[in-house]
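Residue numbers (UniProt numbering): 1 to 220. Even for Gly, the Cβ is constructed at its ideal location relative to N, Cα and C. A quick write-up on the structure given underneath.
Here is the structure:
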C-alpha cells in the first residue's frame with residue numbers, strides 16, 4: 001500500500017466519490033423517511049385495524065420480511081417494467097428499500113403499541129379523545145421511546161442495503177468505488193475508504209437516535 005499514491009488518486013477521484021456518497025445518502029434518507037411513514041400505517045393497521053385489514057397487512061409484512069432485499073430490488077426494476085410501470089433505477093431502488101423498511105418499522109411499531117396497557121386507550125375514550133388525538137398525545141410518544149432503538153438499527157440497515165442498488169446501475173458509493181478500482185487497481189485502499197464512509201453515515205444515524213432518545217426520555 002502506497003499512502004502517497006493513494007492520496008493522489010483519492011484527490012483526483014474526489015468528485016465521483018462525493019457524487020456516489022450523495023447518492024447513497026439521498027437513497028437512504030428517502031427510503032428511511034418514506035418507509036417510516038408507510039411503516040406507521042402498517043403498525044397501526046396490525047394493531048388497531050379491522051380483521052380483514054389486519055390479515056391483508058399481515059400477509060404484506062410477512063411476505064416482504066421473508067424476501068431478500070436483492071430480490072425486491074430486481075423485482076422493482078425488472079418485473080414492474082413488464083406490467084407497464086417503467087421506473088428509473090433510482091426510483092426502483094428507493095421503492096424496494098422503502099417497502100422493505102416499512103415492513104420492519106411496522107413490526108417494530110406494532111410491538112411497541114401492544115406493550116402499552118389498553119387501559120390508557122379506554123381512559124382516552126372516556127375523556128372524549130378521538131383515536132388520532134389518542135395516538136398523538138398518548139400512544140405515539142410512548143411507542144416512540146420504545147421503538148427508537150430498533151428503528152435506529154433499521155435505518156442503519158437501509159444504508160447497508162443501498163449497496164445492492166449497484167446491481168441495477170445506480171451510481172451510489174459502492175458502484176463509484178468499483179469503477180475507481182477498475183481504473184486504479186487499488187482495491188484494498190478504496191474499499192477501506194468506502195467502508196469508512198459507510199461507517200460515518202451509520203455513526204451519525206446512531207448518534208441522532210441517541211439524541212432523540214435523550215430528548216424524549218421520561219425524567220426519573
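Starting from residue i and walking both ways along the alpha helix (DSSP H), at which residues does that stretch end?
i	result
residue 131	131-134
residue 60	51-65
residue 4	3-12
residue 79	Segment: none, residue 79 is in no alpha helix (DSSP H) and carries neither H nor E.
residue 72	69-74
Report buried or exposed for residue i, applying the criterion of at least 16 other Cβ atoms within 10 angstroms of its Cβ.
i	result
residue 71	exposed
residue 55	exposed
residue 104	buried
residue 192	exposed
residue 186	buried
residue 15	exposed
residue 225	The chain is shown only over 1 to 220; residue 225 falls outside these bounds and no answer can be derived.
residue 110	buried
residue 50	exposed
residue 131	exposed
residue 176	buried
residue 64	buried
residue 77	buried
In whole angstroms, what separates the C-alpha of residue i from that of residue j?
i	j	result
residue 155	residue 124	32 Å
residue 92	residue 126	46 Å
residue 9	residue 198	20 Å
residue 189	residue 160	19 Å
residue 116	residue 184	56 Å
residue 137	residue 82	45 Å
residue 182	residue 68	28 Å
residue 162	residue 101	12 Å
residue 3	residue 194	16 Å
residue 215	residue 122	28 Å
residue 207	residue 47	30 Å
residue 149	residue 36	14 Å
| query | Which ranges would you report for the alpha helix (DSSP H) in the region 160-206 if only whole runs of at least 4 residues count? | reply | The region 160-206 contains these whole alpha helix (DSSP H) runs: 173-184.
| field | Completely contained beta strand (DSSP E) runs for the region 94-129, where each covers 3 or more residues | value | none
| request: Would you check if there are 3 or more beta carbon pairs closer than 8 Å linking the region 23-31 to the region 164-172? | output: yes
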